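Those protein sequences? They're chains E and X, same order as listed.
For what it's worth, the UniProt record's numbering labels the leading residue of the first sequence as 1, then goes sequentially.
For what it's worth, the UniProt record's numbering labels the leading residue of the second sequence as 1, then goes sequentially.
Remarks on the structure that follows.
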Amino acid sequence: MSRTLVVAGHGMVAHRLVEALRGDDVDGTWQVVVFGEEPRPAYDRVALTSYVDTWDAAGLALPGAEYAGDDRVELVPGDPVDAIDRQAKRVTTRSGRVQHYDALVLATGSRPFVPPVEGADLPGVFVYRTIEDLDDIRAAVERARARRGRPAAAVVGGGLLGLEAAKALRDLGLSPHVVEMAPRLMPLQVDDGGGGLLNRLITDLDVTVHTGTSTSAIVQDGDRLRARLGNGTELDVDLLVFSAGVRPRDDLGREAGLDVGERGGVLTDAACRTSDPHIFAVGECASVEGRVYGLVAPGYSMAEVVAATLLGRDAVFPGADTSTKLKLMGVDVASFGDARAATEGSLEVVVNDPVNGSYKKLVVSDDAKTLLGGVLVGDASEYNLLRPLVGEELPGEPAALIGPAGGGEAVGVEALPDDAQICSCNAVTKGEINEAVHGEGCDSVGAIKSCTRAGTSCGSCVPMLGKLLAACGVEQSTALCEHFTQSRAELFEIVRATRITTFSELIAEHGTGAGCAVCKPAVASILATLGNGHVLGGEQATLQDTNDRFLANMQRNGTYSVVPRVPGGEITPDRLIVIGEVAKDFGLYTKITGGQRIDLFGATVEQLPRIWRRLVDAGFESGHAYGKALRTVKSCVGTTWCRYGQQDSVGLAVELELRYRGLRSPHKLKAGVSGCQRECAEARSKDFGVIATEHGWNLYVGGNGGAVPRHADLLVSGVDTAELVRIVDRFLMFYVRTADRLQRTAAWLDELDGGLDHLRDVVVDDSLGICGELEAAMAEHVAHYEDEWKGVLEDPEKLARFTSFVNAPGTPDPTVAFETEREQPVPVMLGVPEVANR
Amino acid sequence: MTVLSDEQQAGSTVWTPVCRVEQVPLAAGVAVLLDGGLQVAVLRTAGDEFFGLSNVDPFSGAAVLSRGIVGDVGGVPVVASPIYKQNFDLRTGQCLDEAGVRIDVHPLRITDGVVHVGVR
Ligand code: SRM
Ligand SMILES: Cc1cc2nc3c(=O)[nH]c(=O)nc-3n(C[C@H](O)[C@H](O)[C@H](O)COP(=O)(O)OP(=O)(O)OC[C@H]3O[C@@H](n4cnc5c(N)ncnc54)[C@H](O)[C@@H]3O)c2cc1C
Ligand code: SF4
Ligand code: FES
Numbered sequence: 001m002s003r004t005l006v007v008a009g010h011g012m013v014a015h016r017l018v019e020a021l022r023g024d025d026v027d028g029t030w031q032v033v034v035f036g037e038e039p040r041p042a043y044d045r046v047a048l049t050s051y052v053d054t055w056d057a058a059g060l061a062l063p064g065a066e067y068a069g070d071d072r073v074e075l076v077p078g079d080p081v082d083a084i085d086r087q088a089k090r091v092t093t094r095s096g097r098v099q100h101y102d103a104l105v106l107a108t109g110s111r112p113f114v115p116p117v118e119g120a121d122l123p124g125v126f127v128y129r130t131i132e133d134l135d136d137i138r139a140a141v142e143r144a145r146a147r148r149g150r151p152a153a154a155v156v157g158g159g160l161l162g163l164e165a166a167k168a169l170r171d172l173g174l175s176p177h178v179v180e181m182a183p184r185l186m187p188l189q190v191d192d193g194g195g196g197l198l199n200r201l202i203t204d205l206d207v208t209v210h211t212g213t214s215t216s217a218i219v220q221d222g223d224r225l226r227a228r229l230g231n232g233t234e235l236d237v238d239l240l241v242f243s244a245g246v247r248p249r250d251d252l253g254r255e256a257g258l259d260v261g262e263r264g265g266v267l268t269d270a271a272c273r274t275s276d277p278h279i280f281a282v283g284e285c286a287s288v289e290g291r292v293y294g295l296v297a298p299g300y301s302m303a304e305v306v307a308a309t310l311l312g313r314d315a316v317f318p319g320a321d322t323s324t325k326l327k328l329m330g331v332d333v334a335s336f337g338d339a340r341a342a343t344e345g346s347l348e349v350v351v352n353d354p355v356n357g358s359y360k361k362l363v364v365s366d367d368a369k370t371l372l373g374g375v376l377v378g379d380a381s382e383y384n385l386l387r388p389l390v391g392e393e394l395p396g397e398p399a400a401l402i403g404p405a406g407g408g409e410a411v412g413v414e415a416l417p418d419d420a421q422i423c424s425c426n427a428v429t430k431g432e433i434n435e436a437v438h439g440e441g442c443d444s445v446g447a448i449k450s451c452t453r454a455g456t457s458c459g460s461c462v463p464m465l466g467k468l469l470a471a472c473g474v475e476q477s478t479a480l481c482e483h484f485t486q487s488r489a490e491l492f493e494i495v496r497a498t499r500i501t502t503f504s505e506l507i508a509e510h511g512t513g514a515g516c517a518v519c520k521p522a523v524a525s526i527l528a529t530l531g532n533g534h535v536l537g538g539e540q541a542t543l544q545d546t547n548d549r550f551l552a553n554m555q556r557n558g559t560y561s562v563v564p565r566v567p568g569g570e571i572t573p574d575r576l577i578v579i580g581e582v583a584k585d586f587g588l589y590t591k592i593t594g595g596q597r598i599d600l601f602g603a604t605v606e607q608l609p610r611i612w613r614r615l616v617d618a619g620f621e622s623g624h625a626y627g628k629a630l631r632t633v634k635s636c637v638g639t640t641w642c643r644y645g646q647q648d649s650v651g652l653a654v655e656l657e658l659r660y661r662g663l664r665s666p667h668k669l670k671a672g673v674s675g676c677q678r679e680c681a682e683a684r685s686k687d688f689g690v691i692a693t694e695h696g697w698n699l700y701v702g703g704n705g706g707a708v709p710r711h712a713d714l715l716v717s718g719v720d721t722a723e724l725v726r727i728v729d730r731f732l733m734f735y736v737r738t739a740d741r742l743q744r745t746a747a748w749l750d751e752l753d754g755g756l757d758h759l760r761d762v763v764v765d766d767s768l769g770i771c772g773e774l775e776a777a778m779a780e781h782v783a784h785y786e787d788e789w790k791g792v793l794e795d796p797e798k799l800a801r802f803t804s805f806v807n808a809p810g811t812p813d814p815t816v817a818f819e820t821e822r823e824q825p826v827p828v829m830l831g832v833p834e835v836a837n838r
Numbered sequence: 001m002t003v004l005s006d007e008q009q010a011g012s013t014v015w016t017p018v019c020r021v022e023q024v025p026l027a028a029g030v031a032v033l034l035d036g037g038l039q040v041a042v043l044r045t046a047g048d049e050f051f052g053l054s055n056v057d058p059f060s061g062a063a064v065l066s067r068g069i070v071g072d073v074g075g076v077p078v079v080a081s082p083i084y085k086q087n088f089d090l091r092t093g094q095c096l097d098e099a100g101v102r103i104d105v106h107p108l109r110i111t112d113g114v115v116h117v118g119v120r
């Protein structure tokens with residue numbers, strides 16, 4: 001018989017509970033009903049601040065949190081539990097629904113703490129916990145911006161949450177004040193020394209820090225607010241955000257008569273059971289044996305405990321590691337173990353490097369042998385290795401571990417004991433990961449993630465997973481395919497250095513076998529980037545994917561599409577007429593694409609040269625819709641027409657499209673140019689995007705729409721056109737040389753060692769001294785560009801290949817047929833022939 | 001030059017001359033149209049072996065296998081369908097990516113530099 005579990009609250013911890021229960025409840029003993037207060041399923045609250053990057057809530061979604069397709073879970077968002085009737089074992093929700101339970105789990109989380117300050121309830125005062133809070137803050141910033149241009153804001157709270165809020169405001173383009181009562185920022189995590197450095201690093205980011213003072217009153221001042229601080233300072237601001245800690249939401253339990261902890265929170269035993277045996281509490285609303293935790297990892301482990309208990313297994317909460325590693329506004333901060341040296345007789349070893357902006361402290365036992373804890377500010381690269389060593393004997397001199405040489409070298413993963421926790425979010429130990437590698441044959445970081453869950457939450461342990469794989473002797477293969485042990489980047493360098501010009505030569509000297517559909521197009525692309533004549537010249541033709549082989553995109557019925565280049569999306573009426581006439585004469589379907597040009601569909605192989613003859617004669621050229629090459633540079637009308645335009649975005653888009661057209665690259669390249677911050681060209685969703693400002697151009701790189709959207713990152717700002725082109729030249733060539741096959745710039749940048757900073761070092765500051773070479777390579781490309789379609793039309797041998805049948809030239813494929821839909825031809829759905837075993 | 005796929009030619013195979021050897025590029029293919037509308041992909045490997053397969057990609061229904069990339073996978077000579085990239089064994093028509101799928105093979109014969117396709 002199935003029993004009913006009711007969950008009050010659908011936050012990160014509730015979701016983990018439902019997942020864990022449903023994953024293990026093979027017999028379906030439990031029917032689950034989840035009531036949430038927020039209007040949407042649980043989302044990644046830890047990453048809340050990143051919502052500012054996209055304003056797209058989908059980016060915070062937790063996989064599977066809608067329980068689609070699981071009829072044993074009913075999720076009811078937007079309908080909080082209002083009361084519990086413990087006698088009758090049922091809850092009543094805000095909408096009046098009464099639901100019986102056999103077991104009830106409280107997972108109601110925390111509420112932001114707002115100190116009882118005069119004026120704390122004024123409009124313009126916000127808290128920071130939900131997506132809706134951020135929407136409200138954004139709306140207030142925009143209203144204020146419309147009124148006065150550059151709004152001012154203050155955050156009350158200089159801890160983890162306060163600095164998160166300050167980061168959100170910074171990302172909204174403001175320079176916020178941060179007010180912290182304690183004498184330093186992040187008082188719970190760092191000591192005075194670390195706090196001092198943190199203060200400096202944060203101030204450098206245009207944040208004004210006020211420590212050692214509280215907010216005594218907030219008063220309305222016209223459409224603004226005035227915040228009075230205890231030290232007499234007054235701040236004129238448009239909005240104020242309280243982000244000064246949280247309080248457990250224990251009211252539901254309290255009103256039902258459950259015991260609560262001394263510092264709030266519904267009191268539970270080590271199995272997370274409250275004073276009513278049918279009711280459990282997990283996450284931030286629980287006070288497990290009197291202790292409340294404000295981090296997600298302990299909440300997850302409570303969820304696992306309750307799921308196990310509900311399935312009849314014994315489990316207890318093991319206590320939690322409250323170590324934290326954060327990147328706050330680009331500043332690394334980590335604290336672990338006994339960070340503040342509370343253990344009797346403990347010693348502190350400090351390495352303070354104000355020049356490089358790093359502060360590191362280890363707390364060790366009185367004999368300096370055992371690691372007790374530590375604080376890292378500015379550079380927390382040793383965190384992943386040091387944290388698991390807490391309570392263990394140190395592998396060396398404490399100072400050497402954090403010395404300038406870096407602990408990375410001093411402590412290897414080998415030094416960690418098997419029970420060292422590598423992934424603290426998901427409580428996965430080194431031993432469990434080694435078991436996954438040796439026992440289950442995991443041979444990549446991805447395999448370890450799906451096998452053990454390590455690395456699937458905050459991601460900070462992912463580099464360690466790679467190191468552990470290496471330590472287990474597993475080489476993570478970068479081989480292009482079975483024919484080449486080299487990566488694409490290595491092959492690029494080989495071809496460049498040896499000046500090999502054919503695939504046959506390359507595979508004979510550096511590979512094995514005959515090649516395949518993976519390595520052939522990849523090598524064809526490398527040969528084309530390095531300028532080896534027409535892409536259909538000689539042997540190159542047979543290396544190309546079908547699309548490149550016929551310089552058109554193959555459609556589902558074997559016909560092709562034709563996309564002439566329309567640089568920047570700007571086109572004359574005469575040219576529009578030519579496209580229309582060609583489409584009419586050849587019976588083609590036409591569509592305006594998402595790339596600001598026109599696609600003509602349904603051309604047969606033999607029609608392609610005749611279509612292109614007409615287009616080339618009218619001045620069109622290939623749009624490379626088929627190639628891993630530059631697609632389009634999308635533009636907005638900019639100063640040409642728009643009343644807000646700040647630079648000539650169409651002119652620049654046309655210039656860039658003509659400059660980079662035909663450049664073969666690891667994957668397709670897209671670009672955009674917007675005339676102002678309104679961003680009508682969606683430039684930040686492109687591989688490189690340019691946005692005009694009063695002072696020149698801002699260049700963003702690594703954007704992507706498609707399957708995994710990513711906003712491009714700002715590489716340089718306020719540059720003139722010549723400088724912009726120079727940096728784009730370098731950026732593109734650096735990408736073309738070093739990326740993997742079919743890796744867009746977004747994924748490449750995400751994987752680039754050192755990320756955006758390193759990229760900037762290389763292509764702006766020329767740290768590798770290769771910029772001259774990159775520019776020369778691009779100049780070479782630009783000088784030798786020729787329209788591929790024109791090249792085909794001029795060469796009878798290439799033209800002869802555009803035929804369906806070698807023994808019946810000119811006869812079109814008889815299986816191709818069209819019907820009419822919305823007044824245009826579309827392919828008749830092809831039956832898929834019988835494919836049974838014969 | 002070796003001629004394959006004609007080992008088991010039984011009684012009444014009809015041989016049609018389709019093209020000259022040099023009309024099929026190395027490591028590539030061409031399509032031929034036979035009486036009755038049957039389409040055969042004539043594929044030539046880098047090692048200069050010729051194979052005949054049905055031209056129809058069983059996963060999309062499009063007649064396009066002659067336009068796929070010819071190579072090898074684990075030592076097996078293959079053509080990759082240009083539509084969804086499944087590999088087919090040139091010798092047997094077996095799809096390497098889906099065990100239950102196999103396409104027709106057609107024997108080829110080369111006489112005096114002319115390729116002939118056999119249909120039984
Ligand atoms: C025609 C068009 C759709 C439309 O009707 O508007 C289109 C059609 C195709 N897209 Fe696209 N994409 C088109 C704009 C886009 C856009 C929007 C844009 O460029 O502004 C995107 C998202 C932006 C982006 O790329 O970041 C887009 C993301 C994709 C992706 C996913 C890429 C990714 O990084 O996740 C693919 C698959 C791939 O390339 O591997 C793809 C692949 C394809 C292919 C090539 C699939 C295929 O192999 O058959 C389609 C064939 C086009 C053809 O036959 O001409 N298409 N595609 C658009 C042509 C634009 C152009 O003028 O060149
Ligand atoms: C900006 C920010 C950054 C953070 N960064 C980190 C970090 O880096 N590392 C880390 O470990 N932690 C971090 N945290 C804390 C982390 O988000 C929490 O520990 C975690 O979300 C707690 O999960 P929970 O499910 O217990 O509570 P919550 O996520 O708060 O979920 C509780 C849910 O219950 C709902 N609810 C309340 N009452 C009821 C009711 N009566 N009926 C139905 N539903 C109800 C609430 O609306 C809420 O949706 C951060 C938090 C914030 C806000
Ligand atoms: S991005 Fe700016 S300049 Fe361009 S069209 Fe939009 S509002 Fe006008
Ligand atoms: S430590 Fe957060 S995902 Fe592993």
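Beta carbons are placed, not taken as given, at the ideal position from N, Cα and C, and that holds for glycine.
Since the structure is predicted, the reported quantities are computational estimates derived from the model, not experimental observations.
In chain order, 513, 514, 516 make up the part of chain E whose C-beta sits under 7 Å from the C-beta of residue 72/X. Rounded to the nearest whole angstrom, the CA to CA distance from residue 107/X to residue 801/E is 24 Å. Taking residue 666/E as reference, the option from 258/E, 743/E, 771/E with the minimal CA-CA separation is 743/E. Nearest to residue 108/E by alpha-carbon distance, out of 250/E, 817/E, 368/E, 561/E, is 250/E. Spanning the alpha carbons of residue 190/E and residue 177/E requires a straight line of approximately 20 Å. In the DSSP assignment, residue 803/E falls outside any alpha helix (DSSP H) and carries neither an H nor an E.
In terms of side-chain proximity, the C-beta atom of residue 85/X is found no nearer than 7 Å to any non-hydrogen atom of ligand 1. Interface annotation, residue 45/X: in contact with chain E, CB-CB separation under 8 Å. Distance from the CA atom of residue 729/E to the CA atom of residue 702/E, rounded to whole angstroms, is 14 Å.
At a beta-carbon threshold of 8 Å, the residues of chain X lying near residue 482/E are 73, 74, ordered along the chain.
Chain order gives the chain E residues near residue 33/X as 805, 807, 808, 811, where near means a beta carbon separation below 7 Å. According to the DSSP assignment, residue 818/E belongs to the beta strand (DSSP E) that extends over 818-821. Residue-level contact by beta carbon fails for residue 110/X and chain E, as no gap is shorter than 8 Å. The segment 634-649 of chain E makes no contact with the segment 605-623 of chain E; the number of CB pairs closer than 8 Å stays below 3. The straight-line gap separating the alpha-carbon atoms of residue 827/E and residue 589/E is approximately 10 Å. Collapsing the DSSP output to three states places residue 186/E in coil.
Residue 110/E sits in a strand when the DSSP states are folded into three classes.
Beta-bridge annotation (DSSP): residue 94/X is paired with 102/X. Contacts between residue 520/E and chain X, judged by CB atoms closer than 7 Å, involve 69, 71 in chain order. In this structure, the CA atom of residue 707/E is about 12 Å from the CA atom of residue 685/E. The CB of residue 542/E comes closer than 8 Å to the CB of 25, 26, 27, 28, 69, 70 in chain X, given here in chain order. At the C-beta level, residue 733/E and residue 699/E stay beyond 8 Å of one another.
Only residues of its own chain outside the window of five on either side were considered, and among them 59 have a CB closer than 6 Å to the CB of residue 84/X, listed in chain order.
When the beta-carbon positions are compared, residue 348/E and residue 363/E come within less than 8 Å of each other. Annotation for residue 680/E: no beta strand (DSSP E) segment contains it, and DSSP assigns it neither H nor E. Nearest to residue 184/E by alpha-carbon distance, out of 170/E, 160/E, 167/E, 168/E, is 160/E. In its chain, beyond the 5 residues on either side, 767 have a beta carbon closer than 6 Å to the beta carbon of residue 761/E.
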